[in-house]
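One structure is given below, encoded as structure tokens.
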Amino acid sequence: MSSSEAPCFSHVATDNQYAEYTKEQNRLFLSLIDAFTPDPEADNDSQLLLLTTALGVTRAAARDIMRAATISERFPRFMELARSDLHIDKERIIAVEKATCGVVDTEILESIDDLLVELSTPHHHHEVLRRPQAFSTSINRALIALDPDAVATRIKKEVKVSYGRGPYTSTISATLPCDEAQELREIIEKTQREQNCTAPEAVTKIFRQENATKVTLHLYPNEYDGLDLLGAGALTPEQTEYWLSRVKNVNLMYTNLATTERFFNLPGKVFLKARDGVCVFPGCDADAINTQMDHITNYNGTNTDPTNGEVLCQHHHNMKTDRRIRISILKDGAKKITLNDTTVVTIPEGPAGRWGHSFSRNLALRTARRRAS
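The sequence shown begins at 2 in the working numbering and counts up one residue at a time.
Below, the structure written as structure tokens:
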């Protein structure tokens, strides 16, 4: 492979005119957290005040910076790579800290460090670095396998219902576990379609038990021998037990995906969503549950199957239809996307997109999982 085709991230590639600016921004943040590593014995509020006034930032921003400074010791290989290549930014470092703040076991920390190095290492030329949310999702999926009690405790603490009354309307806000929220969302949306009503009207009908809507949800095995619920992410053991008790039908993932029809069949659709995870366009946060199925190469009257498909949000689907962007699929499920004269590669983020996992990390994960059980 020539140097011009060597694996690299697009935002720090040598032919990117903004790469040096990006790397300098990342270097400055790394220098900042090195210079302002908090004193564990000193007063927390005093250190927050100093950082807030010194940088002219909010208290919340200062708190994120102080906490981010602690991950160098927890994830040395990841941070060494970040300092070497200057490709990891403030948002991803803060996302990593927030996703791992409950981890104390050394073996688990080492496994997460391996995972972070893998997520931060390119496998394609001009690869797009995964989104901060993708870092968080990957970490959460691993922690559910390695330390499920910590994740379950966090879910229980965050679940709540709040009420707010205004002069004419009132607000009822419910924070639910992702799996329960996804089921409720499916029921609300199906009630809207079936009864031709608004979302608030659908919610009212559900509360009053005026409908009997049934929905179909899809579970997928992930790389950690756990399950993901499409639209909700990885499930804890308790959630897994609950949903498996409700399973009505089991389909093998790689069967009956192809069809001779123009549109993807149901198995093909749910597989595409589980493979790609989000809209495949670089930087797009649209969850696959909200996206559309698209042929990479236009349908020619033969087969329609996931090897010639991707998920795109409405906006980027329109761009592809207008031929403003071109997409091709690589053998590992990655997508090569060209817009004008720029070509980049995006990596599948869903539980069915299982390429590029090194043997060493899988071996370390197996050891950590055995010790955690």
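Each residue gets a CB set at the ideal place from its N, CA and C atoms; glycine is no exception.
**Prompt:** Would you call E184 buried or exposed, if buried means 16 or more other Cβ atoms sit within 10 Å of its Cβ?
**Reply:** Around the C-beta of E184, 16 or more other C-beta atoms lie within 10 Å, and the residue is accordingly described as buried.
**Prompt:** When you compare only the Cα positions, how much space is there between I326 and E195?
**Reply:** Distance between the alpha carbons of I326 and E195 is about 36 Å.
**Distance between beta carbons of R78 and V118, contact taken as under 8 Å** = In this structure V118 is in contact with R78, their Cβ atoms being roughly 5 Å apart against a cut-off of 8 Å.
**Prompt:** Below 8 Å between beta carbons: does that hold for K336 and E311?
**Reply:** Taking 8 Å as the Cβ cut-off, K336 and E311 qualify as a contacting pair.
**Request:** Given a cut-off of 8 Å, decide if T205 and K191 are closer than it, judged by their beta-carbon atoms.
**Result:** Result no, Cβ atoms of K191 and T205 do not sit closer than 8 Å.
**Request:** Evaluate contact between the region 25 to 35 and the region 135 to 153, counting only Cβ atoms and requiring at least three cross-stretch pairs below 8 Å.
**Result:** No, because fewer than three Cβ pairs between the region 25 to 35 and the region 135 to 153 fall closer than 8 Å, the two stretches do not touch.
**Asked** Mind pulling the beta strand (DSSP E) runs of 3 or more residues that sit fully within the region 283 to 348?
**Response** For secondary structure counted as the beta strand (DSSP E) over 3 or more consecutive residues, the region 283 to 348 holds these complete runs in sequence order: 293 to 296, 310 to 313, 326 to 330, 336 to 340 and 343 to 347.
**Message:** Measuring straight from C-alpha to C-alpha, what distance separates C198 and I189?
**Reply:** If you take the alpha carbons of C198 and I189, they lie about 10 Å apart.
**Item:** Bounding residues of the alpha helix (DSSP H) (the contiguous stretch that carries L130)
**Value:** It is not in any alpha helix (DSSP H) - L130 carries neither H nor E in the DSSP assignment.
**Message:** Within 10 Å of its beta-carbon, does F264 have 16 or more other beta-carbons around it, so buried, or fewer, so exposed?
**Reply:** Exposed is the call here.
**Message:** Please report the distance separating the alpha-carbon of E111 from that of L147.
**Reply:** Whole-angstrom Cα-Cα distance: 12 Å.
**Message:** Let me check one thing: in DSSP terms, what residues is S171 bridge-paired to?
**Reply:** For S171, which the question treats as bridged, DSSP gives the partners R166.
**Prompt:** Taking the DSSP output, what are the residues bridged to K161?
**Reply:** DSSP lists T176 as partners of K161.
**Asked** Hey, A7 and H126: beta-carbon distance below 8 Å or not?
**Response** Contact: yes.
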